[in-house]
Structures are given as structure tokens and as C-alpha cells.
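First residue of the sequence shown: 1, per the UniProt record's numbering; consecutive thereafter. Ideal placement from N, C-alpha and C gives every residue a C-beta, glycine not left out.
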Amino acid sequence: MITQEAIQNNVGISKATPYSEFSDRIKVKNIPFLGRLHIVRDREGYMALSFTTLYWIYGTFVNLFIILLPHYNDKQLPGELVLWFVFLSVMCIISLFKASTTNPGRVPLVEDSQIDINHWEVCKTCRQKRPKRAHHCRRCNQCVLRMDHHCPWINNCVGEENHWAFTLLLIYAFLLGLTGFVIDMLHFWWWPKCVTCDKESFFIKHQIWFVYLVTALGAAMGALMGGQVIVQHTNILLNQTTLETMGLNQSMGSHSHDS
Numbered sequence: 001m002i003t004q005e006a007i008q009n010n011v012g013i014s015k016a017t018p019y020s021e022f023s024d025r026i027k028v029k030n031i032p033f034l035g036r037l038h039i040v041r042d043r044e045g046y047m048a049l050s051f052t053t054l055y056w057i058y059g060t061f062v063n064l065f066i067i068l069l070p071h072y073n074d075k076q077l078p079g080e081l082v083l084w085f086v087f088l089s090v091m092c093i094i095s096l097f098k099a100s101t102t103n104p105g106r107v108p109l110v111e112d113s114q115i116d117i118n119h120w121e122v123c124k125t126c127r128q129k130r131p132k133r134a135h136h137c138r139r140c141n142q143c144v145l146r147m148d149h150h151c152p153w154i155n156n157c158v159g160e161e162n163h164w165a166f167t168l169l170l171i172y173a174f175l176l177g178l179t180g181f182v183i184d185m186l187h188f189w190w191w192p193k194c195v196t197c198d199k200e201s202f203f204i205k206h207q208i209w210f211v212y213l214v215t216a217l218g219a220a221m222g223a224l225m226g227g228q229v230i231v232q233h234t235n236i237l238l239n240q241t242t243l244e245t246m247g248l249n250q251s252m253g254s255h256s257h258d259s
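Written out as C-alpha cells, the structure is:
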């Protein structure tokens, strides 16, 4: 039996256990050292998140083991560049994990006595009481506090409780994509060919195709994430969410949103 938890949030209430923990769309697991993880049961979301993770693995492997370390061993670049790339890569996957497994702020079950009727309403989709800036996500089948949007690439909603992790993910992904693209350009046009690497290695022998692909991916990632960083920070400065910016504000708050 799930007990009540005294958790204070920005809505100004001591909230009970979120009703997402009673939903068949949300899987909740307590894992030592990792905490309470919320995982959305969505096959398309699993596929998108897997693609995101595989992209991170591929980009990190090619840039680190095919480009950076061989050139570093040839003393063609400083160790600080290798450390900078590793730092961005590690922070990127940590931010992805936090953004995808943190409860985004799913509206808790509350007593009527806790509600300020001037700032709360009833969702027409799930019939749950919620603050007026909350929105209902059809993917999660839950209302989310200050929902920004549902992001399939992290298989989670972006809301009040995990917006910080999502924003950090965008920043680190932008810097990682930009750094990777610069590294790839230096590899093609500036650094001499590797001397100490194993020329018979499969990855070294066919590196041109691996590097072409990672260069294209890095350029695309840098451009897309850079645009998202601008959008998110603009919304933060304006105190708006993506849904509100798109016009899906309180007057349409009873509809299900997914983006």
C-alpha cells in the first residue's frame, strides 16, 4: 500500500502520492543510489529513447576512439580537448537519464480543503482536479504541472519537476554536437593522418565512413539543439511553456496535448 508523502511543490500544497503511481501507463521503480524512477510505458517512446541513446553511443565512440585518442597519442592535440569532450558526453547522458526518469510533476490527488478554487479546475479528460496551468498528456494519460510538452526522444513529459534536467540536456547536447563537428572538421582538414594507430583495425581502415556519418549527425544535432536552447530560454524569460506559446493555453487546458 502506498502511503502519503509530504512533498511540497511550487503549487503551494503538501501533496499526496501522485496518482501516476496508480496508472498502468507509468511504471515506478525504486532503485538503490538512483532513487524513484518514473518510466512511461510507450512503445514508440521506447524506440525514440533507444535511438537517442544509440546516437550518443555512436557519436561518443567515433569521436573519442577513432579521432581524439589516436591524434592525442600522436601529440597533435591537448589532453584538455579530450577531457572536455568526455565531460560533455558524460553530462549529456546523465541529463538524458534524469530528464527521462524524473516525475515531470504529475498532478497529485489532493483533498478539497487543500485547493484554492481560484487557481484549480477539473480536467475534462481524466476528471482530476488540477492547477489551471497544468495540461493533460494523452501519451502518459496524466495531468502534468506546468507541462511544457511531451518529448518522445526522452519518453517523458517535460514539466515543472524535470524542466531543469531537460534544459541541461539541450545545452549539453548542443555543446557536444558543436564540439564533435569542430573535431571532425579538424580531423579532415587540419590534423595529419594518424601515425601510431593500428592501420589494420576495422574502424581505422573504414574510418572515413564512420566520420562522415558522425559529422553529419553532429552538425544536425548542433543546429537542432541550438534552436531548442533558444526556444526554451525565451519561454523561461517570458514565463511561458511551449504549449502556451503555441496558443494551447488555459482556455484549451482540458484537451490532451502531445508534441
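Check: Would you report the Cα separation of Arg138 and Met225, rounded to the nearest angstrom?
Finding: Numbered from its first residue, the sequence shown carries residue 138 at position 138. Numbered from its first residue, the sequence shown carries residue 225 at position 225. If you take the alpha carbons of Arg138 and Met225, they lie about 25 Å apart.
Margin query: Tell me the rounded alpha-carbon separation between Pro78 and Tyr72.
Written below: By one-based count along the sequence shown, residue 78 stands at place 78. By one-based count along the sequence shown, residue 72 stands at place 72. Approximately 7 Å between the Cα atoms of the pair.
Checklist line | Same chain, Cβ closer than 6 Å to Asn141, neighbours up to 5 away in sequence not counted | finding: As a position in the sequence shown, residue 141 is number 141, starting the count at 1. Taken in chain order, the residues that qualify are Arg25.
Next item on the list: Please determine, among Ala216, Pro70, Lys132, Ser89, the residue with the shortest C-alpha to C-alpha distance to Ile171.
Entry: In the sequence shown, residue 171 corresponds to position 171, counting from 1. The shortest Cα separation from Ile171 among Ala216, Pro70, Lys132, Ser89 belongs to Ser89.
Check: Do you know offhand how far Glu121's Cα is from Arg130's?
Finding: Here the question's residue 121 lines up with position 121 in the sequence shown. Here the question's residue 130 lines up with position 130 in the sequence shown. Going from the Cα of Glu121 to the Cα of Arg130 covers about 6 Å.
Note to self: Excluding the 5 residues flanking Val182 on each side, which residues of the same chain have their C-beta closer than 7 Å to its C-beta?
What the structure shows: As a working mapping, residue 182 is identified with position 182 in the sequence shown. Cβ neighbours of Val182 beyond the five flanking positions: none.
Notebook entry, point to check: Span of the alpha helix (DSSP H) holding Trp189?
Noted result: As a position in the sequence shown, residue 189 is number 189, starting the count at 1. From DSSP, the alpha helix (DSSP H) with Trp189 extends over 163-189.
Checklist line | His119 - DSSP class collapsed to helix/strand/coil | finding: Along the sequence shown, one-based indexing puts residue 119 at 119. Correct three-state label for His119: coil.
Check: What residue ranges within the stretch 58-109 form continuous alpha helix (DSSP H) runs of no fewer than 4 residues, ordered along the chain?
Finding: 69-73, 79-101
Next item on the list: Confirm, please, whether the CB-CB distance from Pro104 to Arg38 is below 9 Å.
Entry: Sequence index remark: in the sequence shown, residue 38 carries index 38 (1-based). Sequence index remark: in the sequence shown, residue 104 carries index 104 (1-based). One point to set straight first is that residue 38 is His, not Arg, in the sequence displayed. Result yes, Cβ atoms of His38 and Pro104 sit closer than 9 Å.
Check: Who are the near neighbours of Gln232 in its chain, counting only those whose CB is closer than 7 Å to its CB and skipping five residues on each side?
Finding: Sequence index remark: in the sequence shown, residue 232 carries index 232 (1-based). The answer, listed in chain order, is Thr167, Leu170.
Check: Hey, would you say Trp56 sits closer than 9 Å to Thr179, going by beta carbons?
Finding: The residue labelled residue 56 in the question sits at position 56 within the sequence shown. The residue labelled residue 179 in the question sits at position 179 within the sequence shown. No; because the gap between Cβ atoms is not below 9 Å, this pair is not in contact.
Notebook entry, point to check: What span of residues does the beta strand (DSSP E) with Asn235 cover, start to end?
Noted result: As a working note, residue 235 is residue 235 in the sequence shown. Premise fails: Asn235 lies in the alpha helix (DSSP H), 207-238, not in any beta strand (DSSP E).
Next item on the list: Give a yes or no on whether the C-beta atoms belonging to Ile67 and His187 are separated by under 9 Å.
Entry: For the purposes of this step, residue 67 is taken as the residue at position 67 of the sequence shown. For the purposes of this step, residue 187 is taken as the residue at position 187 of the sequence shown. Against a cut-off of 9 Å, the Cβ pair of His187 and Ile67 comes out as a contact.
Next item on the list: Could you tell me if Phe174 is buried or exposed, where buried requires 16 or more neighbouring beta carbons within 10 angstroms of its beta carbon?
Entry: Working through the sequence shown from its first residue, we reach residue 174 at position 174. It counts as buried.
Check: In whole angstroms, what separates the C-alpha of His163 from that of Val82?
Finding: Indexing the sequence shown from 1 puts residue 163 at position 163. Indexing the sequence shown from 1 puts residue 82 at position 82. Approximately 29 Å, taken between the alpha carbons.
Check: DSSP state of Arg36, grouped into three classes?
Finding: Position 36 of the sequence shown holds residue 36. Arg36: strand per DSSP, three-state reduction.
Notebook entry, point to check: Taking the alpha carbon of Ile154 as the point to measure from, which residue in Tyr46, Asn30, Leu34 has its own alpha carbon closest?
Noted result: Translated into positions along the sequence shown, residue 154 becomes position 154. Checking every option, the nearest Cα to that of Ile154 belongs to Tyr46.
Next item on the list: If I'm right that Ser95 touches Leu49 with Cβ under 8 Å, what's the distance once you round it to whole angstroms?
Entry: For the purposes of this step, residue 95 is taken as the residue at position 95 of the sequence shown. For the purposes of this step, residue 49 is taken as the residue at position 49 of the sequence shown. Not a contact, Cβ separation roughly 13 Å.
Next item on the list: Could you tell me the distance, in whole angstroms, from the CA atom of Lys98 to the CA atom of Pro152?
Entry: Taking the sequence shown and counting its residues from 1, the one referred to as residue 98 is at position 98. Taking the sequence shown and counting its residues from 1, the one referred to as residue 152 is at position 152. When rounded, the distance between both Cα atoms is 15 Å.
Check: What is the rounded straight-line gap between the Cα of Trp190 and the Cα of Arg146?
Finding: Here residue 190 refers to the residue found at position 190 of the sequence shown. Here residue 146 refers to the residue found at position 146 of the sequence shown. Whole-angstrom Cα-Cα distance: 48 Å.
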